[in-house]
Each structure stands twice: as structure tokens, then as C-alpha cells.
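Working notes, beginning with the structure itself.
Number of protein chains: 2
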Amino acid sequence: MTDLDFFFNPSSIAVIGASDNVGSVGYEIMKNLTEDFPGELYPINIKKKLIFGKSSYKSILDVPNHVDMAVVAIAAPYVADILEECGKKGVKGVVIVSGGFSEIGEKEREDKLVEISKKYGIRIIGPNCIGIYDNFSGVNTIFLSKDKVSYPQKGNISFLSQSGAFAGLILDWTSKERIGISKVVSYGNKIDVNEADLIDYLYNDETSKVICLYIEGIRRGRRFMESAKKATKRVPILALKSGKTKSGAKAASSHTGSLAGEDKIYESAFKQSHIIRANNFEELFDMAKALEKQVYPTSDGVAILTNAGGLGVMTADALEMNGLRLANLSEYTVNKLKEQFPERVVVSNPMDLVGDADKERYEIGLKALLEDQDVGLIIVILLLQVPTLSLDSADLILDIKRNSNKPILILGAGGEIITPCLRKLEKGGLAIYPSPERAARAAYALINHAIVRGDIHRERKENIGVCKI
Amino acid sequence: MTDLDFFFNPSSIAVIGASDNVGSVGYEIMKNLTEDFPGELYPINIKKKLIFGKSSYKSILDVPNHVDMAVVAIAAPYVADILEECGKKGVKGVVIVSGGFSEIGEKEREDKLVEISKKYGIRIIGPNCIGIYDNFSGVNTIFLSKDKVSYPQKGNISFLSQSGAFAGLILDWTSKERIGISKVVSYGNKIDVNEADLIDYLYNDETSKVICLYIEGIRRGRRFMESAKKATKRVPILALKSGKTKSGAKAASSHTGSLAGEDKIYESAFKQSHIIRANNFEELFDMAKALEKQVYPTSDGVAILTNAGGLGVMTADALEMNGLRLANLSEYTVNKLKEQFPERVVVSNPMDLVGDADKERYEIGLKALLEDQDVGLIIVILLLQVPTLSLDSADLILDIKRNSNKPILILGAGGEIITPCLRKLEKGGLAIYPSPERAARAAYALINHAIVRGDIHRERKENIGVCKI
Chain S
1 MTDLDFFFNP SSIAVIGASD NVGSVGYEIM KNLTEDFPGE LYPINIKKKL IFGKSSYKSI
61 LDVPNHVDMA VVAIAAPYVA DILEECGKKG VKGVVIVSGG FSEIGEKERE DKLVEISKKY
121 GIRIIGPNCI GIYDNFSGVN TIFLSKDKVS YPQKGNISFL SQSGAFAGLI LDWTSKERIG
181 ISKVVSYGNK IDVNEADLID YLYNDETSKV ICLYIEGIRR GRRFMESAKK ATKRVPILAL
241 KSGKTKSGAK AASSHTGSLA GEDKIYESAF KQSHIIRANN FEELFDMAKA LEKQVYPTSD
301 GVAILTNAGG LGVMTADALE MNGLRLANLS EYTVNKLKEQ FPERVVVSNP MDLVGDADKE
361 RYEIGLKALL EDQDVGLIIV ILLLQVPTLS LDSADLILDI KRNSNKPILI LGAGGEIITP
421 CLRKLEKGGL AIYPSPERAA RAAYALINHA IVRGDIHRER KENIGVCKI
Chain A
1 MTDLDFFFNP SSIAVIGASD NVGSVGYEIM KNLTEDFPGE LYPINIKKKL IFGKSSYKSI
61 LDVPNHVDMA VVAIAAPYVA DILEECGKKG VKGVVIVSGG FSEIGEKERE DKLVEISKKY
121 GIRIIGPNCI GIYDNFSGVN TIFLSKDKVS YPQKGNISFL SQSGAFAGLI LDWTSKERIG
181 ISKVVSYGNK IDVNEADLID YLYNDETSKV ICLYIEGIRR GRRFMESAKK ATKRVPILAL
241 KSGKTKSGAK AASSHTGSLA GEDKIYESAF KQSHIIRANN FEELFDMAKA LEKQVYPTSD
301 GVAILTNAGG LGVMTADALE MNGLRLANLS EYTVNKLKEQ FPERVVVSNP MDLVGDADKE
361 RYEIGLKALL EDQDVGLIIV ILLLQVPTLS LDSADLILDI KRNSNKPILI LGAGGEIITP
421 CLRKLEKGGL AIYPSPERAA RAAYALINHA IVRGDIHRER KENIGVCKI
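One line per chain: the protein sequences are S and A, in this order. At position 347 of the first sequence the residue is numbered 347 (UniProt numbering), and the sequence of numbers has no breaks. At position 23 of the second sequence the residue is numbered 23 (UniProt numbering), and the sequence of numbers has no breaks.
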């Protein structure tokens with residue numbers, strides 16, 4: 001077991017404040033864990049003897065076996081005593097979901113928890129959080145009912161959130177967006193375990209190939225930067241930081257009590273630790289789902305292959321706005337394509353195959369671009385709505401992708417008829433984007449992480465993806 | 001009939017190049033018109049006598065009745081002769097979908113068409129376009145098969161596109177996004193009818209309450225600005241202009257032959273004619289669907305009502321980045337809310353109702369904000385995933401909305417379980433946004449158009465919605 005692993009892979013969990021009352025926090029946690037967690041589960045409730053058909057104990061000290069981890073969902077004034085008991089029991093980690101601490105000014109009450117945790121060497125996540133969702137181990141302390149929240153498919157993106165509500169939203173939203181999630185952690189007031197600890201842990205977690213952060217304010221900046229800097233050499237970290245403006249910073253201070261601080265300081269910290277910043281949460285996961293594939297470009301030249309000229313133009317714009325450059329196709333590539341394409345197809349980058357392109361023309365184009373040395377990454381635009389491009393083009397593209405080690409991003413959008421074809425590409429391992437700007441932003445993330453990894457030898461440029469228009 | 005109305009509301013249409021060959025352009029146009037257009041339809045084909053069960057004519061001159069409008073889908077070299085015949089027949093408008101003119105360097109061939117159109121006073125849309133889709137009259141010259149493209153629901157947004165392929169994508173995409181469309185026009189090489197003519201026409205069209213543009217380059221700038229300036233006093237115009245960067249401008253010039261020109265010139269032209277610029281097509285329609293409701297703010301103060309603090313912070317950020325300001329709640333509003341809310345709810349803007357808010361707390365909050373004089377517009381954030389906020393909150397919000405004349409934007413996202421509730425709000429007439437940034441951008445559009453209309457007395461600030469981070 002590595003550090004913090006008892007939170008994510010415990011053999012046994014005690015739920016302190018477990019309940020049979022439908023809708024209560026203690027009920028939802030018990031329900032989720034009963035359904036998802038394969039290990040031992042011990043409900044703790046001072047009144048009940050049986051909860052969810054399991055023997056319930058008055059105190060965690062009454063549990064006859066060892067307890068790895070406890071979830072605490074009781075009123076704030078009683079949490080300290082309970083934590084003391086957890087310490088005596090030898091519990092390694094405690095997730096305190098209860099609110100009612102520093103976020104409402106009860107600083108002393110919170111300090112008491114810190115004191116007890118140090119005395120016993122217990123690690124704490126929270127208080128005032130929704131805790132942990134682990135899609136692999138089944139640990140789920142998120143007290144949102146499955147009657148209202150859908151959970152996402154298994155995947156390799158982990159998300160750390162200072163906001164509990166936002167973490168809940170992301171779980172539900174990623175389920176709809178078919179984004180694969182490994183772990184979601186909401187760490188609330190972070191009196192002990194903070195972003196840095198979690199980054200250190202996820203760095204060694206095989207199922208976390210990308211780390212996404214939602215941050216309102218960071219307290220121990222140096223420690224955070226050290227962890228991030230170490231991690232990003234291998235595992236990309238993406239951050240959405242709010243409280244950027246005066247209005248936002250003011251709102252953040254009354255939300256999590258965070259001092260958002262000068263945004264420039266964060267900007268510089270992110271830059272130094274090679275964290276890629278997202279402008280919004282759609283972008284955060286747009287970038288994450290490209291990075292999750294772990295296929296990185298070795299050249300910073302981007303090629304665009306399209307059957308829709310307008311979308312090619314917009315993509316070229318979006319790439320340049322992200323500080324990226326269009327690949328210079330070699331003379332060899334250009335001549336080869338000129339030979340094989342009809343005269344009305346002007347060989348260039350964006351490579352516009354024009355409106356009557358069929359899948360054969362795509363095949364020729366895609367293969368040639370993949371072979372071109374200056375092409376590090378390809379954005380393939382598929383306007384599947386046109387008559388000549390058959391929906392089985394997906395199979396062709398997946399075939400070509402299997403024999404290539406360059407990242408391919410798909411730009412495709414449309415209605416009900418087109419969607420199954422895009423889903424097939426997605427299931428085949430390609431990231432799909434609905435707009436030029438979102439695909440370009442994913443390309444930006446891939447190229448930037450490749451630079452940090454040393455796969456591309458170029459200076460990393462900070463860019464926000466939108467220039468003044 | 002006003003100018004150009006024969007294109008959108010013709011009594012009769014001739015399809016020149018009509019065909020029975022499945023998949024051909026002439027087939028798709030006939031198929032779409034047969035299904036959608038209730039007026040007289042005359043197939044013209046030099047070989048066939050019967051097409052789609054209708055009598056077919058060798059020449060439009062053989063049609064025994066008057067023909068209002070013709071669609072031409074034959075090889076480029078023959079288009080001039082056909083246009084001559086249309087002139088003799090007294091056809092008022094011709095949509096030339098055929099390509100093979102200036103876009104491939106055949107400038108003389110194109111000039112010949114201009115000459116003929118002037119001789120007979122025929123108006124031309126195209127060539128090299130996909131023409132017209134009118135969701136009300138049933139005119140549909142878009143040769144994309146319904147086997148691949150879904151068409152959008154009826155609504156009050158009209159879209160003018162220099163790119164045909166992009167117009168097709170938007171039809172299909174808006175169908176999935178439940179965006180209501182009145183007309184889509186792809187005008188291609190615009191040898192006669194251009195953006196300005198179409199804006200003039202849509203200005204007087206009762207079903208077009210918002211005009212969206214996709215532009216690569218404009219030739220007659222002054223004429224365009226005059227039309228836009230006149231229209232925007234009443235009908236908002238939104239523009240997505242590509243070719244903003246060097247890479248994009250180069251790509252545009254080989255796509256539609258457009259000289260994208262200095263982006264600054266467009267920026268200034270849009271500003272002077274009160275056109276609101278979009279950064280991407282999602283944003284274009286995000287803004288359009290808010291403007292379509294025709295409910296405008298009379299104050300530029302924005303209020304945020306939320307049960308998710310983090311989303312409140314992000315929304316505050318996004319508003320400020322759009323040059324918008326948070327409303328200053330009056331003492332009266334603040335005191336009233338303090339009286340009614342539990343102590344842990346800090347009355348402020350963003351008004352964070354905190355995680356355990358139920359629909360009653362939303363009711364109190366929303367009504368108070370609607371009554372506050374400085375509040376011009378409200379963004380209601382619904383984290384429906386939490387246990388206390390029931391899904392029937394939609395009914396409550398719709399009830400309150402019916403008795404108010406201030407715009408309300410809903411920020412809500414999630415998975416399968418939440419979605420029906422968001423759909424209900426949408427059907428009830430509210431625009432729904434999946435992220436803070438997209439909701440804020442819609443607020444920007446509403447406030448900007450209200451300033452142009454004179455509903456808000458403030459100077460209009462240009463803003464792109466994203467500042468340097």
C-alpha cells in the first residue's frame with residue numbers, strides 16, 4: 001500500500017452516521033457503498049442495531065475487526081469525539097463529509113480535528129466535502145443518490161475538486177459525455193489531505209493517466225508546485241481555476257473561504273509546474289480525453305484533413321490562436337497527393353478534399369499526412385452529412401489509426417443519423433470534438449504535454465486559445 | 001411580395017437537372033421538395049418524361065404555367081443557356097447550386113451569368129451553394145439526403161452561410177440541439193444576392209427574430225454595413241467570421257476565394273453596425289437562442305442564483321470577462337432575503353442558496369431578485385443532482401417566469417436523469433446552458449442588444465468573453 005491507498009483501496013469501511021432514513025446523507029452513503037464496494041462495510045449508529053441488513057455498532061470501537069477507513073456524516077459538534085475514537089481504533093483514513101467548520105467561521109472546531117489527526121496519525125479528507133468516488137475499487141462516499149446522478153464509465157481521467165457540488169455535477173455530466181473516469185475526489189476544507197498529497201498519490205496510480213483540477217485557492221503553493229512539477233513530467237495535469245476576476249474572487253472567498261489571490265501568481269505557478277490551464281470545464285475534459293490516449297506528437301506541426309472547407313478555415317484559425325502551427329507538407333507528400341487526387345483538389349494544409357470526397361480520398365490523404373515527417377498531429381474533419389462520404393468511413397479511419405503512432409483528433413458533429421458513426425470512432429479509441437475550437441484546444445494540450453515530456457523540442461508557449469477579435 | 005420573397009415563398013418551382021438517379025444532386029433536390037414544398041413543382045430534364053411521378057419537361061420554356069423560382073443543378077458549362085431560358089420564361093429567382101465557376105478560376109463563365117441576370121432582371125442565389133432551407137414555406141434546395149441529415153424544429157433563428165457544407169452541418173447539428181430554425185441560406189459565390197440583400201429581406205420577415213452569419217469575406221462592405229446597421233436596431237445580428245489569423249485567412253482564400261482581409265477592419269465594421277461577434281459556432285447559437293425569446297433586460301446588472309457555490313464563482317468570473325457587472329442588490333432585497341433564509345445562507349450576489357436549498361428557497365430568491373431594480377437579467381444555476389432540489393422545481397421556475405418580464409437564463413447540466421427536467425424548462429421557453437461561460441456569453445448578447453435597442457442606457461463594450469489568463 002502506498003501513502004493514501006487506504007482511502008482508495010481499503011479492505012473495510014465504517015460509515016459513522018449510517019442511516020436507514022431515505023434521503024439522509026448517512027443513507028445515501030450506505031446505499032452507494034453497499035452497491036459498489038466489495039469489501040467489509042460497518043454501519044455505525046448510536047440507535048440502530050441493523051442498517052441495510054448489516055449489524056450496526058454504537059461506536060467504531062465496538063467493531064470486532066480492523067477498520068481501514070471511516071466516513072463521517074454526523075453533526076459538526078460531534079465530529080471531534082468520533083475522530084478520537086477512530087484514532088483509538090487505528091483507522092488510517094477518515095473522510096469527513098460533515099460541514100459546519102471553518103467555512104462558517106468555526107475555525108476552532110476545525111483546529112481540534114487537525115490536532116486529533118496529528119495525535120493518532122490519521123489522514124483526513126475534508127471536512128465539508130463529498131469525498132471519494134473510485135470507479136475501480138468501488139469506494140463511493142459521494143452522498144448523491146443514484147436516483148438523480150448517473151455515474152461515468154471507467155476510464156483514466158481523475159478529477160480533484162475543491163467544490164463538492166461541482167464534483168457531483170462532473171460525475172453526472174461525464175456519464176452523459178461518455179468520458180472515462182478513474183477517480184473523483186472532493187476535498188473540501190482540506191485540513192490535512194490537499195491537492196499536493198492527492199497529486200502525489202495519483203502520480204503512482206496506474207489508472208490515472210490524466211489529472212484534472214478544479215481550484216478556487218491554494219494555500220501551500222510551494223508544496224503544490226513541487227508535486228505538480230514532478231507529476232507533469234509523466235502525468236499531465238490540467239487545471240480550471242476560478243476566482244480569476246474581482247467578482248469571481250469575491251464570490252470564491254464567500255464560497256470556500258479561499259483567497260483566490262492575484263490570478264497572475266497562479267498563472268506563473270501553473271506555468272512553472274507545467275500545468276495546462278483550461279478556460280472552462282468543457283475544455284478541461286476536451287483536453288483530458290485527448291491526453292488520456294497517451295499518444296503524443298513528436299512534431300509540433302498540425303495537419304488538417306477535411307471535406308468541408310469552412311471548417312478547415314475555422315480550424316486553422318483556432319490552431320493559430322492556440323499558438324500552434326500548421327505543418328509544412330513535404331514536396332514528396334504534395335507531389336504524391338497531386339498525382340492521386342482530381343485536379344480540383346488543391347493540395348495544401350488544411351488539406352481540403354472538397355465536398356465530393358469519398359472514403360478512398362480520405363484514405364489517401366490520411367495515410368500521406370501520417371507519413372509526412374513534419375506532421376505531428378492530424379485533425380480529421382468529417383462532414384458525414386454529404387452524400388459521398390459513407391458512414392462506414394469510421395472503419396477505415398480506425399484501421400489506419402491502429403497502424404499509426406501519431407495522434408488523430410476527429411472533428412465531427414451532427415444529428416441523430418450521424419451520431420452512431422461518431423460513437424464508433426470514439427469506441428475505437430479516438431477523441432471526438434464537436435467544433436474546430438474544441439479540437440484545436442485538445443491539440444494544444446497534446447503538443448504542450450509532448451514538449452514537457454521532451455518528445456517535441458520547442459519552447460512551451462502559454463496560450464488561452466482565444467485572441468482578441 | 002417583398003423583394004426576394006419569390007425565393008422563400010414561391011408558388012411554383014422548377015428543378016432544372018431534376019433526376020431519378022438516387023444520390024444525384026437533382027434527385028435529392030426533387031426528393032426534398034416533393035416531401036416539403038406544397039406548391040407546384042416542375043422537373044426539367046432533357047431525357048426523362050416522368051420524374052418523381054411528375055411530368056418532366058425538356059426545357060423550362062415548355063412548362064405550361066408560370067414559374068416563380070428555379071433551382072439549377074446541371075454542369076457549369078450549360079448553366080448560362082439555362083439561365084437565358086429562365087429569363088425568357090419570366091422566372092424571378094434562380095438558385096444555382098452548380099459549382100465550377102470563379103471558385104475554380106472560371107471567372108468569365110461566372111461573369112456571363114451576371115450579364116444574363118441583369119438582362120432579364122433575374123435574381124440569383126449562388127452559384128456554388130446549397131441554397132435555401134425554409135422551415136415554414138417548405139422551400140428546400142439543400143441537396144443533402146434525409147437519410148443522413150436531420151432537419152431542425154421550427155423556430156425564429158435564421159442562418160446565412162458563405163459555406164454550403166457548414167450550412168448543412170448547422171441544419172443537422174441544430175436538429176440535435178433542439179434549436180429552432182426559420183431559414184438557412186447558403187449563398188456561395190454570391191454573384192447577385194449577397195449578405196446585405198438577405199439581411200434586408202430577413203429584416204422584414206416575421207419568422208426571423210435573430211440573424212446569424214457565417215462569413216469568410218465580404219466584398220461590398222459599405223452596403224453590408226448599411227443593411228446591418230438598419231436591421232440591428234430591431235433584429236439582432238450575430239456573426240461568426242473566420243479567416244481571423246494568417247493561417248485561417250490563407251485557408252479561406254483557397255476555400256471561397258475570399259480575401260479575408262485585416263481582421264481589424266471586420267471588427268470595426270461589426271462594431272459600427274452593432275453586430276455581435278461569436279468566437280465559435282456553439283457560441284453563435286448560444287447567443288441566438290437567448291435573443292430569440294425577445295425578452296430584453298432594462299438594467300445591465302446581472303444576478304446569479306445558485307445552489308452550487310463553485311458554479312456561482314465561475315459564472316461571476318465569466319460575466320466580468322464579458323465586460324458585464326453583477327447587480328448591486330438593494331438594501332430592501334438583502335434585508336428581505338436575510339429574514340427568510342437560514343443564517344448559513346449569506347445574502348449576496350452571486351446569491352448562493354447553499355447545497356441544501358429546496359425549491360421554496362429558490363422561489364424566495366428568484367422572486368426577490370426579479371423585483372430588484374438593479375437586476376436586469378438573472379442566471380439561475382440549478383444543480384439538480386442534490387437531494388433537496390426536486391425535479392419539479394422546473395414547474396416553479398416556469399410559473400415565476402410567466403409572471404416576469406426580465407430575461408432568465410438557466411445554467412444546468414448533467415446526465416440522463418436530470419436532462420428531462422432541463423428539457424421541460426426549455427420547452428417552457430427558457431434557454432438552457434451547460435456551462436457558466438456559455439450562459440455568460442448569452443447574457444452578454446442580451447445586454448448588448450438591449451443597449452443597441454435603447455432599453456439600457458450604457459455604452460456598448462466590445463468583449464470577447466475570455467481575457468488573458
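Even glycine gets a Cβ: it sits at the ideal position worked out from N, Cα and C.
**Item:** CB contact below 7 Å: residue 366 of chain A versus chain S
**Value:** no
**Request:** List the residues of chain S whose Cβ lies closer than 7 Å to the Cβ of residue 541 of chain A, in chain order.
**Result:** Residue 541 of chain A is absent from the structure shown; chain A starts at 1 and stops at 469.
**Prompt:** Applying the criterion that 16 or more other CB atoms from any shown protein chain within 10 Å of the CB defines a buried residue, is residue 187 of chain S buried or exposed?
**Reply:** buried
**Request:** Return the Cβ separation of residue 335 of chain A and residue 301 of chain A in integer angstroms, given the expectation that the two are a contact with Cβ distance under 8 Å.
**Result:** No, residue 335 of chain A and residue 301 of chain A are not in contact; Cβ-Cβ is about 18 Å, not under 8 Å.
**Asked** Since residue 301 of chain A is in the beta strand (DSSP E), which residue starts that stretch and which ends it?
**Response** 301 to 306
**Asked** Quick one, are the C-beta atoms of residue 283 of chain S and residue 441 of chain S less than 7 Å apart?
**Response** yes
**Asked** Just by C-beta distance, which residues in the segment 277 to 294 of chain A are closer than 7 Å to chain S?
**Response** 277, 279, 280, 281 and 282
**Asked** residue 189 of chain A and residue 110 of chain A look like a contact to me (Cβ under 8 Å); what is the Cβ gap, rounded to whole Å?
**Response** 7 Å
**Item:** Exposure label - residue 264 of chain A; buried when at least 16 CB within 10 Å
**Value:** exposed
**Item:** residue 333 of chain A versus residue 220 of chain S - alpha carbon distance
**Value:** 38 Å
**Message:** By the 7 Å beta-carbon criterion, what residues does the segment 399 to 420 of chain A contribute toward chain S?
**Reply:** 413, 414, 415, 416, 417 and 418
**Request:** Go through its chain and collect everything with a Cβ distance to residue 168 of chain S's Cβ below 7 Å, but skip five positions before and after it.
**Result:** 130, 142, 144 and 149
**Message:** Would the segment 3 to 10 of chain A count as touching the segment 398 to 415 of chain S if we require 3 or more Cβ pairs under 8 Å?
**Reply:** no
**Beta-bridge partners of residue 40 of chain S, as assigned by DSSP** = S/12
**Asked** Between residue 20 of chain A and the rest of its own chain, which residues show a CB-CB distance below 6 Å, the 5 nearest in sequence each way excluded?
**Response** 51
**Request:** Work out the CA separation of residue 81 of chain S and residue 71 of chain S for me, nearest whole Å.
**Result:** 14 Å
**Message:** Tell me the rounded alpha-carbon separation between residue 345 of chain S and residue 353 of chain S.
**Reply:** 6 Å
**Prompt:** For residue 418 of chain S, which residues of its own chain have a beta-carbon under 8 Å away from its beta-carbon, when the five flanking residues on both sides are left out?
**Reply:** 384, 385, 391 and 412
**Request:** Determine the extent of the alpha helix (DSSP H) in which residue 166 of chain A is found, giving its start and end residues.
**Result:** 164 to 176
**Message:** Please report the straight-line C-alpha distance between residue 41 of chain S and residue 423 of chain S, rounded to a whole angstrom.
**Reply:** 38 Å
**Secondary structure of residue 467 of chain S, DSSP reduced to three states** = With a pLDDT of only 36 at residue 467 of chain S, under the threshold of 50, the placement of this residue in the model should not be trusted; the figure read from the coordinates follows. Here residue 467 of chain S sits in coil by DSSP.
**Interface partners of residue 346 of chain S on chain A, CB under 8 Å** = 254
**Asked** Out of S/75, S/124, S/138 and S/91, which has the shortest C-alpha to C-alpha gap to residue 31 of chain S?
**Response** S/138
**Message:** Tell me the residue span of the beta strand (DSSP E) that contains residue 134 of chain A.
**Reply:** 131 to 134
**Message:** I'd like to confirm the pairing. Which residues does DSSP put opposite residue 326 of chain S in its beta bridges?
**Reply:** S/302
**Item:** Residue closest to residue 470 of chain S, alpha-carbon to alpha-carbon, out of S/33, S/128, S/434 and S/201
**Value:** Because chain S in this structure spans residues 1 to 469, residue 470 of chain S falls outside the shown range and cannot be described.
**Asked** Mapping DSSP to helix, strand and coil, what is residue 275 of chain S?
**Response** coil
**Request:** Starting from the Cα of residue 214 of chain S, find the closest Cα among S/118, S/91, S/252 and S/339 and give me that residue.
**Result:** S/252
**Item:** Span separating the alpha-carbon of residue 288 of chain A from that of residue 374 of chain S
**Value:** 40 Å
**Prompt:** Out of curiosity, what's the CA-to-CA distance linking residue 14 of chain S and residue 363 of chain A?
**Reply:** 38 Å
**Message:** Mapping the DSSP letters down to three states, classify residue 81 of chain S as helix, strand or coil.
**Reply:** helix
**Message:** Quick check on the burial criterion: 16 or more other C-beta atoms within 10 angstroms. Buried or exposed for residue 61 of chain S?
**Reply:** exposed
**Asked** Would you say residue 333 of chain S faces chain A, with C-beta separation under 7 Å as the test?
**Response** no
**Request:** Go ahead and pull the three-state DSSP assignment for residue 19 of chain A.
**Result:** coil
**Endpoints, alpha helix (DSSP H) assigned at residue 359 of chain S** = 359 to 371
**Prompt:** What does residue 350 of chain S touch in chain A if you count any residue whose Cβ is under 7 Å from its own?
**Reply:** 251
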